[in-house]
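>
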Amino acid sequence: MRIDKFLANTGYGSRKDVKVLLKKKQVFVNGSIVKNSALHINPYEDMIKVNDTLIKYRKYIYMMMNKPPQVISATEDKRDKTVIDLLPPALQNFQPFPVGRLDKDTEGLLLITNDGKLAHHLLSPKKNIDKTYYAKIDGIITENDITSFRNGIQLNDGYVTKPAGLSILHRGEISEVLVTITEGKFHQVKRMFHAIDKQVIYLKRMQMGRLKLDQSLALGEYRELTEEELQLLNNP
4 MRIDKFLANT
14 GYGSRKDVKV
24 LLKKKQVFVN
34 GSIVKNSALH
44 INPYEDMIKV
54 NDTLIKYRKY
64 IYMMMNKPPQ
74 VISATEDKRD
84 KTVIDLLPPA
94 LQNFQPFPVG
104 RLDKDTEGLL
114 LITNDGKLAH
124 HLLSPKKNID
134 KTYYAKIDGI
144 ITENDITSFR
154 NGIQLNDGYV
164 TKPAGLSILH
174 RGEISEVLVT
184 ITEGKFHQVK
194 RMFHAIDKQV
204 IYLKRMQMGR
214 LKLDQSLALG
224 EYRELTEEEL
234 QLLNNP
């Protein structure tokens with residue numbers, strides 16, 4: 004790996020920023036000053052320092068974000084702001100991506116990583132990983148609705164969903180519910196309620212597998228997963 008890429012991936016700015024560090028003789032590899040940005044290093048064996056700070060290499064990042072509305076779950080978009088745009092350059096340098104999608108107006112738990120293997124594990128239909136949402140519904144939710152969700156809902160394209168959980172937090176003209184699904188079809192939760200003549204007016208993902216949204220995160224905020232949380236994802 005080139006030294007400029009290594010330092011960019013460990014939070015020292017763009018490759019242009021790294022060249023400034025090299026020019027100022029602030030970068031050391033195994034005790035020797037480095038000026039050449041194209042120098043190839045072994046991130047696992049070489050000792051790299053910026054001034055007196057030892058830099059440890061990490062290949063993957065794992066971020067939990069409380070996705071805000073009006074931001075799309077994509078790596079780039081010509082019209083709308085993406086969840087990746089909310090990250091600083093030091094994290095964008097890792098080329099992360101969102102694991103799955105939340106609708107543009109949906110809030111809540113979104114995992115962002117550059118670990119393709121973990122993403123595949125979490126999104127594989129064979130894994131049947133639960134995804135739980137808090138929703139506000141225009142209309143009174145009935146016991147028949149709960150049964151319909153449990154049996155699977157036929158969507159407007161004819162597809163019948165896998166059994167889903169529906170529990171009532173508040174029943175009224177505006178009902179509050181928790182919905183648990185194991186799939187990730189396009190607009191699935193909204194389409195499931197539409198199929199029973201109800202409308203979703205607010206949707207927030209609260210949990211994915213055993214990983215729960217950190218309620219202290221404001222909309223648009225993010226943080227790295229703890230080791231314990233990462234284990235929850237690897238063993239959902």
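Just remember that our numbering sits 3 ahead of the position in the sequence shown, which is counted from 1.
From the three backbone atoms N, C-alpha and C, an ideal C-beta is built for every residue, glycine too.
Because the structure is a prediction, the values reported are computed rather than measured.
Does the distance from the C-beta atom of ILE44 to that of ILE6 stay below 8 angstroms?
In contact: ILE44 and ILE6 (Cβ atoms closer than 8 angstroms).
> Less than 8 angstroms between C-beta atoms, sequence neighbours within five positions excluded: which residues of the same chain meet that for ARG18?
Hits under 8 angstroms: ASP7, LYS8, ALA11 and SER40.
> Since ASP141 is in the beta strand (DSSP E), which residue starts that stretch and which ends it?
Run containing ASP141: 134-141, per the beta strand (DSSP E) assignment.
> Can you tell me whether DSSP reads SER151 as helix, strand or coil?
The answer is helix: DSSP assigns SER151 an H, G or I state.
> Roughly how many angstroms separate the alpha carbons of HIS197 and ASP88, rounded to a whole number?
Each residue's Cα considered, the two are about 32 angstroms apart.
> Which residue marks the beginning of the beta strand (DSSP E) containing GLU232, and which one marks its end?
Taken as a continuous stretch (DSSP letters only), GLU232 belongs to no beta strand (DSSP E), being part of the alpha helix (DSSP H) at 230-237.
> Are VAL180 and ILE144 closer than 8 angstroms when you measure CB to CB?
It is a contact, given that the beta carbons lie within the stated cut-off.
> Helix, strand or coil, according to DSSP, for ARG194 in the structure here?
Helix, per DSSP.
> Quick one, are the C-beta atoms of GLY212 and ILE115 less than 8 angstroms apart?
The answer is no: Cβ separation not under 8 angstroms.
> Determine whether the beta carbon atoms of ASN54 and GLN29 lie at a separation below 8 angstroms.
Yes, they are a contact pair.
> Pick helix, strand or coil for LEU90, following the three-state DSSP scheme.
In the structure shown, LEU90 sits in coil (DSSP, three-state: anything other than H, G, I, E or B).
> Which residue marks the beginning of the alpha helix (DSSP H) containing ASN12, and which one marks its end?
Unbroken alpha helix (DSSP H) run through ASN12: 6-12.
> Starting from LYS215, follow its DSSP beta bridges and name the residues at the other end.
Answer is GLN210.
> Identify, in the order they occur along the chain, each residue of the same chain with its Cβ nearer than 6 angstroms to the Cβ of ILE156, setting aside the five sequence neighbours on each side.
Within the same chain, ILE156 has close Cβ partners THR164, MET195 and ALA198.
> Measure the alpha-carbon distance for GLY119 versus VAL102 and round it to whole angstroms.
For GLY119 and VAL102, the distance between alpha carbons rounds to 9 angstroms.
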